[in-house]
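The next block holds one structure in the form of structure tokens; read it before the comments.
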Amino acid sequence: MRTAPVLNQHDESSRTAQRGARRSAQAAQGYGLATPYLLLLPAIVVYACFMLFPLGRAVQLSLYDWNGLTVGVWAGFDNYLRLATDGELRAAFGHALVLIVFYCVIPIVLGLIIAAILNRAKVKGLGFFRTIYFLPQVIALVVAATAWRSIWGLDGSLNAVLKAIGLGGLAQDWLGSYTLALPAVGVIGTWLEIGLVMVLLLAGMGRIPHELYEAARLDGAGAVREFFSVTLPSVRGEIAVAATLTIVAALKNFDLVYMTTHGGPGGTTSVPSYEVYNQAFMVKQVGLASAIGVTLTLLIFIINLIVNRVADKVTS
Amino acid sequence: MISRFERSMNYVVLGVFAILILGPLVNIVTQSLGAPIGTSGGIHPENFVTAWEQGQFSKYLLNSVLVTVVVVGLSLVTSVLGGYALGTMRFPGSGAIFYVFLLGIMVPTEAIIVPLFFDLRALGLTDTVWGVALPQVAMSTAFGVYWMRTYFRSSNRAVSEAARIDGAGTLRTLWFVQLPIARPAIITLVVLLFLWTWNDFLTPLVMSPRGTMRTAPLGLAFFTGQHTTDTTLLAAAAILVALPVAIVYLFLQRHFIRGMIDGAVKD
């Protein structure tokens with residue numbers, strides 16, 4: 066998966082109206098009936114073979130009990146049933162929810178506050194800071210994970226700082242802790258996403274017409290009321306985009322979990338995207354792995370749909 | 007009114023924020039130059055040479071270049087042709103085809119990688135450049151067709167109509183008239199595809215089980231497995247992997263940021 070564009074339902078509305086004019090338009094523009102299909106052919110072939118077909122195969126495999134070697138056994142919806150009932154697998158989806166708080170909720174809340182403060186006085190040189198804030202989006206997750214392992218590790222920077230300020234008693238293997246490993250992974254997520262969220266929100270706030278603030282001030286609104294009555298409603302679209310991007314990032318963080326904790330200790334940081342790999346290639350439960358992948362895809366579809374519905378409703 | 011104090015406070019906020027984001031990255035750069043185990047202090051740039059040799063990064067970076075060239079090259083062709091058709095022509099089924107591509111942008115690699123592994127292994131394509139690249143071409147095509155369609159829909163149609171009246175065929179119009187104008191959109195697409203392909207981890211991990219097509223990020227992961235204790239070499243290896251993308255980012259950052267935000271907001 067590459068990125069998550071926000072769908073727009075109105076996109077094709079004018080298309081049907083022009084249908085009658087199509088044939089004459091084709092003649093006027095000088096391309097044959099088959100031309101658009103021929104142009105699309107390479108894209109469709111590669112997309113059908115390596116995206117649509119495997120997606121269908123994933124649905125098919127998810128209905129079988131298969132170890133990847135012998136002949137699979139029809140299992141119906143057993144794999145999905147296990148997803149709903151198995152404690153460890155349900156925990157993986159629960160961990161994903163916790164990570165959504167770190168990847169999405171915290172960056173948006175912090176980003177809103179900081180961006181609103183910054184937006185009150187127009188500052189110069191924002192481009193320079195934007196370049197820095199965007200860096201975590203550009204660096205490979207594997208590299209980000211390596212950077213953070215040297216912070217959270219037993220000999221890591223965090224413990225060194227704690228010892229230096231006399232709090233050595235708190236020093237520990239953060240990623241090896243049953244209670245703290247998940248939040249530690251989550252903090253990496255916050256670090257990854259907050260810059261993106263900030264850049265999005267600042268761009269959105271920069272587009273708010275100044276007259277709206279002047280009107281609010283004439284009404285005697287303070288900074289806080291100004292934020293809730295002018296700023297927040299104006300950036301709902303940007304919040305929706307930020308929410309979609311960060312939630313999806315939280316759900317497909319395989320690289321990060323693989324590189325930092327391998328789902329451990331004791332499965333306390335296992336997430337669906339890691340379980341797909343783990344079940345398919347370590348535990349050899351290919352059907353179950355496929356069921357997790359299909360469920361993950363459906364979750365991402367639904368989240369996209371909900372976020373866009375909500376954004377549409379509040380903007381119209 | 008906005009006071010001078012508030013304005014300078016803004017820079018403090020921006021600065022603190024920048025330090026928090028840069029901190030972990032500056033941290034590994036510092037570590038990569040530190041003294042490896044068994045040596046004394048000072049600056050040790052030779053860590054990069056040691057990491058390069060011990061981690062076999064010449065091989066992995068070459069694999070990365072090969073996979074990236076194949077993925078970006080093929081995806082660019084499929085995306086420009088497909089996006090041109092969907093963005094400038096009207097034909098039955100265009101809406102449905104567009105939505106099928108849109109859905110593909112949302113499908114996570116995790117969902118298709120398991121069947122891809124078993125099916126491509128059966129075809130003998132695992133551990134080849136095609137096994138690693140073609141699934142990424144499909145994912146990139148989904149985004150690329152969407153991206154180029156958006157561009158061509160907003161592009162100046164009068165130009166290509168004039169070319170057609172002059173008797174130029176579809177492909178000639180696309181190549182000689184449209185593509186030169188479309189350069190900014192295409193550069194942004196190339197930059198994004200390069201970024202995603204270079205950084206991809208799950209696809210080469212699964213599609214190259216014997217490690218013959220291991221790319222640079224995987225090289226780092228396996229190097230980590232061997233060198234968990236020597237943080238200086240690990241840090242140096244991490245920088246080797248990040249450097250190509252970081253350099254391109256510094257020069258073309260406008261395209262990165264615009265692409266990642268417009269890709270999400272547009273339409």
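Keeping their order, the protein sequence lines are chains B and D.
Using the numbering used here, the letters of the first sequence map in sequence onto residues 66 to 381.
Using the numbering used here, the letters of the second sequence map in sequence onto residues 7 to 273.
Glycine included, C-beta positions come from ideal geometry on N, C-alpha and C.
Inset, instruction - Examine chain D for any beta-carbon lying closer than 8 Å to the beta-carbon of Gln-350 of chain B, and answer yes or no. - result: no
Legend entry - Spatially closest choice to Ala-252 of chain D from B:Pro-101, B:Phe-199 and B:Val-136, by CA coordinates: B:Phe-199
Inset, instruction - Please classify Asp-268 of chain D: does DSSP put it in a helix, a strand, or coil? - result: helix
Inset, instruction - Flag Asp-143 of chain B as yes if its beta-carbon sits less than 8 Å from any beta-carbon of chain D, otherwise no. - result: no
Inset, instruction - Reducing DSSP to helix, strand and coil, say where Val-138 of chain B ends up. - result: strand
Legend entry - Contact between the region 310-328 of chain B and the region 258-271 of chain B (3+ Cβ pairs under 8 Å): yes
Inset, instruction - Note down the Cα distance separating Val-32 of chain D from Leu-256 of chain D, rounded to an integer number of angstroms. - result: 16 Å
Legend entry - Backbone secondary structure at Tyr-129 of chain B - three-state DSSP: strand
Legend entry - Alpha-carbon to alpha-carbon, Leu-177 of chain D and Ser-79 of chain B: Below a pLDDT of 50, predicted positions are generally treated as unreliable, and Ser-79 of chain B, at 47, falls in that range; no measurement from the model is reported.
Legend entry - Nonlocal neighbours in the same chain, by C-beta distance under 6 Å from Leu-219 of chain B, ignoring five residues either side: Asp-238
Legend entry - Whole-angstrom distance between Gly-225 of chain D and Phe-319 of chain B, CA atom to CA atom: 17 Å
Inset, instruction - Check whether the Cβ of Arg-185 of chain B lies closer than 8 Å to any Cβ atom in chain D. - result: yes
Inset, instruction - Could you work out which residues of chain B lie near Tyr-255 of chain D, taking near to mean beta carbons separated by less than 7 Å? - result: Val-203
Inset, instruction - Name, going along the chain, the residues of the region 309-331 of chain B whose beta-carbon falls closer than 9 Å to a beta-carbon of chain D. - result: Thr-309, Leu-310, Val-313, Leu-316, Lys-317, Phe-319, Asp-320, Tyr-323 and Met-324
Inset, instruction - Can you tell me which of the three DSSP states Arg-216 of chain D falls into? - result: coil
Inset, instruction - Kindly say whether Tyr-17 of chain D, judged by its beta-carbon, lies nearer than 8 Å to any beta-carbon of chain B. - result: yes
Inset, instruction - Output the boundary residues of the alpha helix (DSSP H) element that contains Ile-204 of chain B. - result: That residue, Ile-204 of chain B, is in no alpha helix (DSSP H); it is neither H nor E in DSSP.
Inset, instruction - Can you grab the Cα-Cα spacing for the pair Arg-170 of chain D / Thr-179 of chain D, in whole Å? - result: 7 Å
Legend entry - At least three beta-carbon pairs within less than 8 Å, the region 142-151 of chain B to the region 17-25 of chain D: no
Inset, instruction - Identify the continuous alpha helix (DSSP H) that holds Tyr-112 of chain B and give its terminal residues. - result: 100-112
Inset, instruction - Compute the Euclidean distance between the alpha carbons of Gln-350 of chain B and Gly-133 of chain B, then round it to the nearest angstrom. - result: 8 Å
Inset, instruction - Kindly indicate which three-state DSSP category His-50 of chain D falls into: helix, strand or coil? - result: coil
Inset, instruction - Name, please, each residue of chain D whose Cβ falls closer than 7 Å to the Cβ of Gly-260 of chain B. - result: Ile-27
Legend entry - chain D contacts from the region 352-366 of chain B (Cβ-Cβ distance under 7 Å): Ala-354, Ser-355, Gly-358, Val-359, Leu-361, Thr-362, Ile-365 and Phe-366
Legend entry - Proximity test, Thr-309 of chain B beta-carbon vs the ligand ZN heavy atom, cut-off 7 Å: No copy of the ligand ZN occurs in the structure displayed, which carries no ligand at all.
Legend entry - Alpha-carbon spacing of Trp-131 of chain B relative to Gly-221 of chain B, whole angstroms: 42 Å
Inset, instruction - Starting from Lys-349 of chain B, follow the alpha helix (DSSP H) in both directions and report where the run begins and ends. - result: Neither: Lys-349 of chain B is in no alpha helix (DSSP H) and is coded neither H nor E.
Legend entry - Phe-229 of chain D, buried or exposed, once every other Cβ within 10 Å from all chains shown has been counted against 16: buried
Inset, instruction - Measuring alpha carbon to alpha carbon, tell me which of B:Pro-330, B:Gly-331, B:Ser-355 and B:Thr-333 ends up nearest Ser-342 of chain B. - result: Sequence inspection shows Tyr at residue 342 of chain B; the Ser mentioned does not correspond to that position. The shortest Cα separation from Tyr-342 of chain B among B:Pro-330, B:Gly-331, B:Ser-355 and B:Thr-333 belongs to B:Ser-355.
Legend entry - Proximity test, Cβ basis, 8 Å: Met-116 of chain B and chain D: yes
Legend entry - As assigned by DSSP and simplified to three states, the class of Asp-143 of chain B: helix
Legend entry - Alpha carbon of Trp-58 of chain D to alpha carbon of Ala-244 of chain D, nearest angstrom: 10 Å
Legend entry - Backbone secondary structure at Gln-60 of chain D - three-state DSSP: helix
Inset, instruction - Could you check which residue in D:Thr-94, D:Gly-79 and D:Arg-260 has the C-alpha nearest to that of Ala-164 of chain D? - result: D:Thr-94
Inset, instruction - Could you name the residues of the region 96-114 of chain D whose beta carbon sits closer than 9 Å to any beta carbon of chain B, in the order they occur along the chain? - result: Arg-96, Phe-97, Pro-98, Gly-99, Ser-100, Gly-101, Ile-103, Phe-104, Tyr-105, Val-106, Phe-107, Leu-108, Leu-109, Gly-110, Ile-111, Met-112, Val-113 and Pro-114
Inset, instruction - Go to His-160 of chain B, then tell me how far its alpha helix (DSSP H) extends in each direction, as first and last residue. - result: 152-165
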